[in-house]
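Accompanying notes for the structure given below.
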Amino acid sequence: MRVGDVLLWVLFILSLAMALWYFFGSSPTLEQSILIFMITALFGMVIKITKISANLDNLEKRFNRFEIDVMNSFKSLKEDINIIKEGLN
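Everything in the sequence shown is counted per the working numbering, starting at 156 for the first residue and increasing by one.
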């Protein structure tokens with residue numbers, strides 16, 4: 156597990172503990188419980204966005220390589236067609 160994943164689980168458990176503490180005790184305020192939950196949700200979204208960004212970067216690199224390969228294929232096809240045309244004349 157990555158550090159971010161471990162931290163996300165710790166924050167999630169902390170938010171559950173704060174919610175239970177609020178419902179069965181009287182120590183944290185409602186705002187504090189909501190704040191911990193919001194921080195957990197925000198941190199989780201940041202981790203997911205970071206993973207999606209890394210995947211998109213990888214996809215962009217692969218697409219650029221594919222584009223170069225297609226361009227080279229068309230160039231070689233054009234050269235082959237020109238050779239065939241010269242042979243017919």
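Every residue, glycine too, gets a C-beta built ideally from N, C-alpha and C.
Since this is a predicted model, take the numbers as computed values, not measurements.
Is it true that the CB of L166 sits closer than 9 Å to the CB of T205? No. Outside cutoff.
Can you look up T205 in the DSSP assignment and give me helix, strand or coil? helix
Would DSSP call T195 helix, strand or coil? helix
Cβ-based neighbour list, R157, same chain, cut-off 8 Å, excluding 5 preceding and 5 following: For R157, same chain residues with a beta-carbon under 8 Å away, outside a window of 5 residues either side, do not exist.
Touch test, the stretch 159-177 against the stretch 186-195, Cβ-Cβ under 8 Å, three pairs minimum: Judged by Cβ distances under 8 Å, the stretch 159-177 makes contact with the stretch 186-195, as three or more pairs qualify.
Relative to the alpha-carbon of N199, which residue among L162, T184 and G180 has its alpha-carbon at the smallest distance? This sequence places Gly at residue 199; Asn is not what is there. Selected option, being the one with the closest Cα: L162.
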